[in-house]
Amino acid sequence: MNVYDSTRMADVLAPLGYEAVASPRGADMVILNTCHIREKAAEKVFSELGRLRAFKQERAAEGGEMLLAVAGCVAQAEGEEILRRAPQVDLVFGPQTYHRLPELVAKTARAGARHEGGGRGVLDIDFPAESKFDHLPEESAAPGAAAFVSVQEGCDKFCSFCVVPYTRGAEYSRPAAAVLEEARRLAAAGVQEITLLGQNVNAYHGEAEDGGTWSLGRLIRALAEIDGLTRLRYTTSHPLDMDDELIAAHAEEEKLMPYLHLPVQSGSDRILAAMNRRHSAADYLRIVERLRKARPDLALSSDFIVGFPGESDADFADTLKLVNEVGYAQAYSFKYSPRPGTPAAVEEAQLSEAVKAERLAGLQQLLGAQATAFNAACVGRDLPVLLERPGRKPGQLVGRSPYMQAVHVAVPEVALQRLTGALMTVHVEAAHPNSLAGRPIVDVGGVDESAASPAPTALTAPTARITA
Ligand code: SF4
306 MNVYDSTRMA
316 DVLAPLGYEA
326 VASPRGADMV
336 ILNTCHIREK
346 AAEKVFSELG
356 RLRAFKQERA
366 AEGGEMLLAV
376 AGCVAQAEGE
386 EILRRAPQVD
396 LVFGPQTYHR
406 LPELVAKTAR
416 AGARHEGGGR
426 GVLDIDFPAE
436 SKFDHLPEES
446 AAPGAAAFVS
456 VQEGCDKFCS
466 FCVVPYTRGA
476 EYSRPAAAVL
486 EEARRLAAAG
496 VQEITLLGQN
506 VNAYHGEAED
516 GGTWSLGRLI
526 RALAEIDGLT
536 RLRYTTSHPL
546 DMDDELIAAH
556 AEEEKLMPYL
566 HLPVQSGSDR
576 ILAAMNRRHS
586 AADYLRIVER
596 LRKARPDLAL
606 SSDFIVGFPG
616 ESDADFADTL
626 KLVNEVGYAQ
636 AYSFKYSPRP
646 GTPAAVEEAQ
656 LSEAVKAERL
666 AGLQQLLGAQ
676 ATAFNAACVG
686 RDLPVLLERP
696 GRKPGQLVGR
706 SPYMQAVHVA
716 VPEVALQRLT
726 GALMTVHVEA
736 AHPNSLAGRP
746 IVDVGGVDES
756 AASPAPTALT
766 APTARITA
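Using the numbering used here, read the sequence shown as starting at 306 and increasing by one per residue.
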């Protein structure tokens, strides 16, 4: 979401003459686009602001000015505190107001510098009544083969550990017509894969042109009709919003990729209730069963929090049990760390770091083994891969498999440029914990343009399951 927001900020600023540069040193403006989900997010922002102060002073010594801005969820949550602790900051604005950047920049220019630190201290952390999406310009940067489209923002779920409802606000869905128009524009510019974004994306309920409301499943079906788009994905979902229409889309819509990030956080019903997740472990397993019935080769990913306040050994054992039952292709796992302002942060039964670390190591060992086994099961298969960009090594392109694995593909140096952006069938030769490696199944050394069309590949269910 922040990558998408940063690109859109650049679009909003382009008419003012700003363009992206590679380094903050010597820049006219630096925007730190922050995420509050990360552990110690605010402290990391303050430490980065200290580093940037040196660049701002350097610029001032040269007779220029660097406008220093903080955006995103840390800005939303800690706006006043940022201005108090970091007087070098000129502008603080939240995720819902970046469409106002031109006027904010003008307001900042009019504001006098504060004495200490040289920042101008302008703050805009409103939740405006107007939708920022109605005020954003068309994308100015040439997109690659894959792009994000934000369809939903905010969240009404109020999980007890999460700041999103406070920093991004209430759930909002963009009208379906606006999403379709953006997707058509991207497809016309050469984008083949679109990932639909939202903090709680499957809660999407966008206004439709017929006056009704579309669910995410309905939206995906309409997007799948757009010529040129070959792949659709969405993230991040809540189990409670996996409705019949969305599950049916997984069964019937070939363009919807067989990969789903479906956070569960814990396998213990007691902890799930304390987290205010509003579903049980059994509910989650039932949804997974329905999804796998709809799309047998569906690769699943999830988020886990270990060491939530009050989590016992038995609760943690329930999490391992759930992981064993589901079998994940990949996952993200974290030690619980309190987010100021959330109900869980003031729970008394906080666990020690040692217990959290030990549980996290155990969980990651199991999840790592499952991911490795899932990747190993792909060796020897021919998979369609969308080649998005050059890899780190010479003669290498990197793309994504249908299951979201990064795939490093060896191609002749001379063909690198021609094949970037191509959807190509790749024979998988090796698997690593976080990626695959392979080669095109056709000769791409010469000028054979047919290399850029994928041979039809039947996707079958991954066979490997690891349990502990
Ligand atoms: S559903 Fe996701 S975004 Fe919403 S409160 Fe829960 S964790 Fe946060």
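Cβ coordinates follow ideal geometry from the N, Cα and C atoms, glycine included.
Remember, it's a predicted structure, so these values are computed and weren't measured experimentally.
With 16 as the cutoff for other CB atoms within 10 Å, does residue i come out buried or exposed?
i    : result
A623 : What sits at residue 623 in the sequence shown is Asp, not Ala. Label assigned to D623: buried.
G704 : buried
A450 : buried
K437 : buried
H555 : buried
R390 : exposed
F453 : buried
T768 : The predicted position of T768 is uncertain, since its pLDDT is 42 and thus under 50; no value can be drawn from it.
R697 : exposed
S520 : buried
A727 : buried
A327 : exposed
D395 : buried
G399 : buried
V651 : exposed
A649 : buried
Output the distance between the C-alpha atoms of residue i and residue j, rounded to the nearest integer angstrom.
i    : j    : result
L741 : L688 : 11 Å
A634 : L605 : 6 Å
G422 : S617 : 48 Å
Q504 : E367 : 42 Å
D620 : M306 : 32 Å
H737 : A636 : 15 Å
A296 : R644 : A question about residue 296 goes unanswered here, because the residues of the chain that appear run from 306 up to 773.
V731 : N680 : 14 Å
S585 : R575 : 9 Å
R591 : L357 : 49 Å
T402 : T472 : 12 Å
R343 : T312 : 21 Å
A599 : A319 : 44 Å
S657 : D608 : 21 Å
L671 : L551 : 29 Å
V335 : Y323 : 11 Å
L409 : E435 : 16 Å
A678 : V628 : 14 Å
D548 : S455 : 20 Å
P614 : P329 : 40 Å
V752 : V716 : Bear in mind that a pLDDT of 41 at V752, under 50, signals an unreliable position, so the number given afterwards is only what the model happens to contain. Cα to Cα, the separation comes out at about 13 Å.
D515 : N581 : 35 Å
Does DSSP classify residue i as helix, strand or coil?
i    : result
H543 : coil
M334 : strand
F438 : helix
M580 : coil
L428 : strand
F398 : strand
R597 : helix
G726 : coil
F351 : helix
K345 : coil
L603 : coil
Y477 : strand
S455 : strand
A513 : coil
G743 : strand
I531 : coil
S311 : helix
E443 : coil
A587 : helix
L565 : strand
E498 : strand
E663 : helix
A736 : strand
V749 : coil
V468 : coil
V317 : helix
V731 : strand
Assuming residue i and residue j make a contact with CB atoms under 8 Å, what is their CB distance in whole Å?
i    : j    : result
P544 : V569 : 7 Å
L372 : E353 : With 8 Å as the limit, L372 and E353 do not qualify as a contact, their Cβ atoms being about 16 Å apart.
G612 : Y641 : 5 Å
E458 : A508 : The pair is not a contact, with the Cβ atoms about 11 Å apart (cut-off 8 Å).
V397 : G384 : 5 Å
E558 : A529 : 5 Å
R526 : T500 : The pair is not a contact, with the Cβ atoms about 17 Å apart (cut-off 8 Å).
E444 : L691 : Going by Cβ atoms, the distance from E444 to L691 rounds to 19 Å, so no, they are not a contact pair.
For the ligand MN, is there a heavy atom less than 7 Å away from the beta-carbon of residue i?
i    : result
Q504 : Annotation note on the ligand MN: not contained in the displayed structure, which lists the ligand SF4 as its ligands.
Any beta strand (DSSP E) of 3 or more consecutive residues that is wholly inside the region 669-716: 687-695, 701-705 and 711-715
Which runs of the beta strand (DSSP E) spanning at least 3 residues fall entirely within the region 353-397, listed in chain order? 372-376
Which runs of the beta strand (DSSP E) at least 3 residues long sit entirely within the region 602-657? Give them in chain order. If only uninterrupted beta strand (DSSP E) runs of at least 3 residues are considered, those enclosed by the region 602-657 are 604-611 and 635-640.
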